[in-house]
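As they're listed, the protein sequences go chains A and B.
Start counting the first sequence at 11; every next residue gets the next number (the working numbering).
Start counting the second sequence at 11; every next residue gets the next number (the working numbering).
C-beta: ideal position from N, C-alpha, C; glycine also.
There are 2 protein chains.
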Amino acid sequence: MANYCSPLDEVFLALGDPTRRAIVSRLGTGAASVKELAAPFAMALPSFMKHLGVLERSGLIRSKKQGRIRTCELEPATLRTAETWMAEQRAMWESRSDRLAAYVESLHAKEKTNGH
Amino acid sequence: MANYCSPLDEVFLALGDPTRRAIVSRLGTGAASVKELAAPFAMALPSFMKHLGVLERSGLIRSKKQGRIRTCELEPATLRTAETWMAEQRAMWESRSDRLAAYVESLHAKEKTNGH
DNA sequence: GCAATAGTTAGCCATATGGCTAACTTTAGC
DNA sequence: GCTAAAGTTAGCCATATGGCTAACTATTGC
Numbered sequence: 011m012a013n014y015c016s017p018l019d020e021v022f023l024a025l026g027d028p029t030r031r032a033i034v035s036r037l038g039t040g041a042a043s044v045k046e047l048a049a050p051f052a053m054a055l056p057s058f059m060k061h062l063g064v065l066e067r068s069g070l071i072r073s074k075k076q077g078r079i080r081t082c083e084l085e086p087a088t089l090r091t092a093e094t095w096m097a098e099q100r101a102m103w104e105s106r107s108d109r110l111a112a113y114v115e116s117l118h119a120k121e122k123t124n125g126h
Numbered sequence: 011m012a013n014y015c016s017p018l019d020e021v022f023l024a025l026g027d028p029t030r031r032a033i034v035s036r037l038g039t040g041a042a043s044v045k046e047l048a049a050p051f052a053m054a055l056p057s058f059m060k061h062l063g064v065l066e067r068s069g070l071i072r073s074k075k076q077g078r079i080r081t082c083e084l085e086p087a088t089l090r091t092a093e094t095w096m097a098e099q100r101a102m103w104e105s106r107s108d109r110l111a112a113y114v115e116s117l118h119a120k121e122k123t124n125g126h
């Protein structure tokens, strides 16, 4: 709560685009240069660089330049924070629905002892 | 790949806002009316309704109106699809880094047998 | 050292997002 | 049936996003 611009904002926003998810996917198989990453996309380089910018700002990827080549790499820890948030939500929902199921169960049991 | 506007787009975009994540969090504890949901936020109702609209469009929540009250509820299956995508990415990255570790390990072993 | 390669910067454009107010529409309650 | 409550619709505004072209910078390789 009191999320005054959480890093999660940037992470989820970054993942909310198919191009960027594809980049993350690709980087899951190993580091790559900007040119390699851009190759599959029918998009001008500057447009593509913006996507990389968003990903890097979010912390999902890291990059460094050696000579004229910039190499990008996944930062799995960041992906992890998002996964964790979602797991927490699911846990909350599941514990609640477990209690609900237990309650419904207890109603059934009561009904039975009442011979109804 | 070939993500011509995947539902994941909407889901991740929806989660990329603290207000909307808070709503999801709140709904994890049980269904609620629009007014109840809106109460914690210093925001005009129409603005708040837009957030609900985004969440519903993404499939993360469901709502129905009875009388003058609209009740919103979490759709955990949708949250699940996003969690699954992330788990897949992690799996990919981990299997790759496992192979990498194994490779490094094999190099060490080789070095050892070479008496170096 | 000159040309090609790999990025980068600047600036334009259309559309989407996230906020607002004001006015309207149903219900629910007295 | 009139008022208050709970949403909804319409329309405005500023900023962000995602795309482009054109022009520039810095390395590399011959």
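Who does T81/A pair with in a DSSP beta bridge?
S43/A, K74/A
My output table needs one value for G26/A: the three-state DSSP class, helix, strand or coil.
coil
Determine the closest residue to L84/A out of T91/A, L70/A, F51/A, M53/A, with distance taken between C-alpha atoms.
Here the closest residue by C-alpha is L70/A.
Name, going along the chain, the residues of the stretch 34 to 51 of chain A whose beta-carbon falls closer than 7 angstroms to a beta-carbon of chain B.
V34, S35, G38, T39, G40
In this structure, does DSSP put I16/A in helix, strand or coil?
According to the sequence shown, residue 16/A is Ser rather than Ile. Three-state DSSP puts S16/A in coil, outside helix and strand.
Return yes when the Cβ of P28/A is within less than 7 angstroms of the Cβ of S16/B, no when it is not.
yes
Using CA coordinates, which residue listed in S105/A, L18/A, L23/A is at the minimum distance from L62/A?
L23/A
As assigned by DSSP and simplified to three states, the class of F51/A:
Reduced to three states, the DSSP call for F51/A is coil.
Interface flag, E93/B vs chain A, CB-CB below 7 angstroms:
Interface residue, yes.
Nearest-angstrom Cα distance between V44/A and L65/B?
34 angstroms
G63/B in three-state terms, based on DSSP
helix
Could you tell me the alpha carbon to alpha carbon distance between S35/A and T81/A, rounded to whole angstroms?
For S35/A and T81/A, the distance between alpha carbons rounds to 16 angstroms.
Give me the chain B residues within the contact set of Q99/A, using Cβ-Cβ distance strictly less than 7 angstroms, ordered along the chain.
V34, S35, G38, L89
Nearest neighbour of S73/A, chosen from L18/A, L47/A, E20/A, M53/A [CA to CA]:
L47/A
Given a cut-off of 7 angstroms, decide if M102/A and G38/B are closer than it, judged by their beta-carbon atoms.
Taking 7 angstroms as the Cβ cut-off, G38/B and M102/A qualify as a contacting pair.
P17/A at chain B interface by Cβ criterion, 7 angstroms
no
Same chain, Cβ closer than 7 angstroms to F51/A, five either side skipped, listed in chain order
T29, F58
In terms of alpha-carbon separation, which member of K60/A, P56/A, M96/A lies closest to T91/B?
The shortest C-alpha separation from T91/B is found at M96/A.
Using the three-state DSSP reduction, which class does G38/B fall into: helix, strand or coil?
In the structure shown, G38/B sits in a helix (DSSP, three-state: H, G or I).
Among the residues of its own chain, which have a CB less than 7 angstroms from the CB of I79/B, if the five just before and after it don't count?
Residues of the same chain with a CB within less than 7 angstroms of the CB of I79/B, apart from the 5 flanking positions on each side, are S43 in chain order.
Proximity test, Cβ basis, 7 angstroms: P56/B and chain A
no
Alpha carbon of K60/A to alpha carbon of M53/A, nearest angstrom
11 angstroms
Neighbour list for M96/B in chain A, Cβ cutoff strictly below 9 angstroms:
L25, L89, R90, A92, E93, M96
Could you work out which residue in L89/A, E104/A, R100/A, S105/A is closest to R31/A when comparing CA atoms only?
Residue L89/A is the option with its Cα nearest to R31/A.
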